[in-house]
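Be aware that the sequence shown starts at 1, since it is given in full-length UniProt numbering, and climbs by one per residue.
Don't be surprised by glycine CBs; every beta carbon is placed ideally from N, CA and C.
Here the structure is a predicted model, which is why all the values come from computation and not from measurement.
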Amino acid sequence: RRLVEIKRVEAAADILFEVNRHDEAVNICIENRKYDKAKALAQGNPTLRRRVDEAYQGELVSRGETNELVGLGHSEVALDVLAKKGDWERLWEVAGQEHMSATVVGKYVIMRVEELMHKNSSADLDEAVKTINKRNGPATEAAVGTYRRLVMRLLSRTSKEETEEHAATISTLRDILYRLANQYRSQPIDKKLNAEILEMLMAVHYQNMLYSAKTMGLKEIAAKCSITLLKYPKFIPHDKAFYQAGMACREQGNTNLSFLLLNRFVDLTEAIDANDASFLDNTEFQEADAIPTLNEILPERHYLDNEDDREDVRTWVLSVVTDSHIEQRLPPRESSRNTLYEGLYQSDRPTCIVTGYQIHPADMLEVNNSTANRRDWNAYVVKTRACPWTGQAQNPLY
Numbered sequence: 001r002r003l004v005e006i007k008r009v010e011a012a013a014d015i016l017f018e019v020n021r022h023d024e025a026v027n028i029c030i031e032n033r034k035y036d037k038a039k040a041l042a043q044g045n046p047t048l049r050r051r052v053d054e055a056y057q058g059e060l061v062s063r064g065e066t067n068e069l070v071g072l073g074h075s076e077v078a079l080d081v082l083a084k085k086g087d088w089e090r091l092w093e094v095a096g097q098e099h100m101s102a103t104v105v106g107k108y109v110i111m112r113v114e115e116l117m118h119k120n121s122s123a124d125l126d127e128a129v130k131t132i133n134k135r136n137g138p139a140t141e142a143a144v145g146t147y148r149r150l151v152m153r154l155l156s157r158t159s160k161e162e163t164e165e166h167a168a169t170i171s172t173l174r175d176i177l178y179r180l181a182n183q184y185r186s187q188p189i190d191k192k193l194n195a196e197i198l199e200m201l202m203a204v205h206y207q208n209m210l211y212s213a214k215t216m217g218l219k220e221i222a223a224k225c226s227i228t229l230l231k232y233p234k235f236i237p238h239d240k241a242f243y244q245a246g247m248a249c250r251e252q253g254n255t256n257l258s259f260l261l262l263n264r265f266v267d268l269t270e271a272i273d274a275n276d277a278s279f280l281d282n283t284e285f286q287e288a289d290a291i292p293t294l295n296e297i298l299p300e301r302h303y304l305d306n307e308d309d310r311e312d313v314r315t316w317v318l319s320v321v322t323d324s325h326i327e328q329r330l331p332p333r334e335s336s337r338n339t340l341y342e343g344l345y346q347s348d349r350p351t352c353i354v355t356g357y358q359i360h361p362a363d364m365l366e367v368n369n370s371t372a373n374r375r376d377w378n379a380y381v382v383k384t385r386a387c388p389w390t391g392q393a394q395n396p397l398y
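Laid out in C-alpha cells, this is it:
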C-alpha cells in the first residue's frame, strides 16, 4: 500500500505477483489505470485477462476513445459511444469502414430515427425519412412501431408543418414502405404486422398519388385519391382528410360533394374547439360505409392552424348552402357508379392502385403485380412514363 501511495504502482504489483497474490496485483494496476502492466501480469490467465480487457474497454468508453475501441476489435461498442455522443456521421463512417452487418446498422438507424422523432421539428422528421432511405431501415418486427409512429407524425402534419419538403418526404417514405413491405412479406412474421405495414404503405401511397396528381393537373385522380384517404383515420386526422378531400373535389368542379365534405370539416373543427365529439351529426355520411365516421376519435389539434383559414372554409360552406341546386345528402349506392361518390361506399371488387377506387370488370387492368382502372392508370402513365406502383419505366396500355 505504501508503494501505491508514493505512485510506485507497478513495483507494488510485482511484489504482490511474486507472492502469488495475482488478483490483487492485477486489480491494483486496473485501479490506477496501468493497463499495459495489468495485461502483462494477466498473461496466461484467461479470467484475469478478461477482467483487464473489460476494465480497459470501460475506460475507453468513458473517455470516448472510439478509434482505439475500433482498433481493438470493439467496433459495436465504439458505435454505441458515437450514438450516445450524437456523432452520427462518424458512426455511419465507422460502420461502413468496419463492414458492420445490416442487423447492426439497422439497430442504429432505428435509434437515430427515434432520436429525430423525439426532437419533433418538421426538419427532424424529414431527416428521419432521409436516414431510413439512405441507410436502409431494417425490416424487423421491433422496427414496426417506429415506422408506425413516423407515418402517423408525417401524415398528421398541420398545414403550417407541411413545408416545401413535405411532398418530397412523403414520396421518399412511400418508396421506403414499398421496399419494406416486400421484405416483410418474404419473412415468417406475424400476419398482423404484415397487414399493418401494408396499411401504412397504402395510406402513404395514396397521399403521394394525391400530391403527384395535383402537381400534374390530374384533378379527377387527385379528387379520387383524397376520398380514398378518408379511409385511413388511424394515420390521417379526419379534419385534415375531409379538408383535403373537399378542396380537391372543389378544384375538380364537384361543388356538391365538396360542400358535403367541407361541411363535415367545419363540424369537425367546431368539435375540436369544444373537445366534444357528441356535437358531430353523422346522418349525412351514415350510408358511406367505406368511411369510418361513427365514434371517431377527435384530432388533438387543427389541421388548419390559422383560424382565419378555417373561417374562410366556413364562409364558403354557408355561401353554398343557399344554392338550391346543392343536394345536401349523398346519392344512394346504386346511383354512385363511375362517380366520385363511389369511393364512399364499400365494395368487394379489386381496388385501383392509382386512386383506391373499386374497379369494374370492363375497366380492369392487371399490370406489375397490381390492379388498376385502365383509364386512370393510362392518364397517370401518359404524364409520368412510370408505373404508379413499381416506379419502373412504363408506357400506356390501351
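* To do: Starting from L201, trace the alpha helix (DSSP H) both ways and give me its first and last residue.
  => Within the sequence shown, numbered from 1, the residue matching residue 201 stands at position 201. Per DSSP, L201 belongs to the alpha helix (DSSP H) from 191 to 216.
* To do: Leaving out five residues on either side along the sequence, give the residues of the same chain with a beta carbon under 8 Å from the beta carbon of V151.
  => Numbered from its first residue, the sequence shown carries residue 151 at position 151. Cβ neighbours of V151 beyond the five flanking positions: L173, L177, M200, A203, V204, F235.
* Report buried or exposed for E127, applying the criterion of at least 16 other Cβ atoms within 10 angstroms of its Cβ. => The residue you call residue 127 lines up with position 127 of the sequence shown. So E127 counts as buried.
* **Cβ contact (3+ pairs, closer than 8 Å) linking the stretch 277 to 285 and the stretch 246 to 255** => no
* To do: With a threshold of 16 other CB atoms inside 10 Å of the CB of Y345, please say whether the residue is buried or exposed.
  => Counting from 1 along the sequence shown, the entry for residue 345 is found at position 345. Y345 comes out buried.
* Range covered by the alpha helix (DSSP H) that runs through N263 -> Here the question's residue 263 lines up with position 263 in the sequence shown. Taken as a continuous stretch (DSSP letters only), the alpha helix (DSSP H) holding N263 covers 255 to 274.
* Asked: Using 8 Å as the Cβ pair cut-off and three pairs as the minimum, do the stretch 376 to 390 and the stretch 348 to 362 touch?
  -> yes
* Going by alpha carbons, who is nearest to E196 out of I326, M209, H99, L180? -> Position 196 of the sequence shown, counted from the start, is the residue given in the question as residue 196. Nearest option by C-alpha distance: L180.
* How would you label Y380, buried or exposed, when you count the other beta carbons within 10 angstroms and need 16 or more for buried? -> Within the sequence shown, the letter at position 380 stands for residue 380. By the neighbour-count rule (16 or more Cβ atoms within 10 Å), Y380 is buried.
* DSSP on M152, reduced to helix/strand/coil? -> Counting from one through the sequence shown, the residue named residue 152 turns up at place 152. Note: M152 maps to helix in three-state DSSP.
* Inter-residue Cα distance where the pair is R50 and V81 -> On the sequence shown, position 50 is the one that residue 50 refers to. On the sequence shown, position 81 is the one that residue 81 refers to. Roughly 21 Å between the two C-alpha positions.
* To do: Return the residue from the list Y398, N369, L397 that minimises the CA-CA distance to T390.
  => For the purposes of this step, residue 390 is taken as the residue at position 390 of the sequence shown. Taking only the C-alpha atoms, the option nearest T390 is N369.
* Asked: Helix or strand or just coil, what does DSSP make of residue 399?
  -> This structure does not reach residue 399, given that the chain is present from 1 up to 398, and the question cannot be answered.
* To do: Mind the definition here: the stretch 114 to 134 touches the stretch 204 to 218 only if three or more C-beta pairs lie below 8 Å; say whether that holds.
  => no
* In this structure, does DSSP put N373 in helix, strand or coil? -> Taking the sequence shown and counting its residues from 1, the one referred to as residue 373 is at position 373. Residue state, collapsed to three classes: strand.
* Asked: Is there contact here, the stretch 262 to 270 with the stretch 184 to 195, by at least three beta-carbon pairs under 8 Å?
  -> no
* To the nearest angstrom, how far is it from the Cα of Q328 to the Cα of E307? -> As a working note, residue 328 is residue 328 in the sequence shown. As a working note, residue 307 is residue 307 in the sequence shown. If you take the alpha carbons of Q328 and E307, they lie about 25 Å apart.
* Asked: In the DSSP assignment, what are the bridge partners of T351?
  -> As a first step, residue 351 must be located in the sequence shown, where it is residue number 351. DSSP lists Q358 as partners of T351.
* **When G137, H99, E98 are compared against R112, the one with the closest alpha-carbon** => Locating residue 112 in the sequence shown gives position 112, where the first residue counts as 1. The candidate whose alpha carbon is nearest that of R112 is G137.
* **DSSP three-state assignment for M364, whether helix, strand or coil** => Here the question's residue 364 lines up with position 364 in the sequence shown. The answer is strand: DSSP assigns M364 an E or B state.
* To do: List the whole-angstrom C-beta distance separating E270 from L330, where the pair is believed to meet the contact cut-off of C-beta under 8 Å.
  => One-based indexing of the sequence shown puts residue 270 at position 270. One-based indexing of the sequence shown puts residue 330 at position 330. With a Cβ gap of about 21 Å, E270 and L330 do not count as contacting.
* Asked: Does the Cβ-Cβ distance between P388 and A372 come in under 9 Å?
  -> Counting from 1 along the sequence shown, the entry for residue 388 is found at position 388. Counting from 1 along the sequence shown, the entry for residue 372 is found at position 372. Yes, they are a contact pair.
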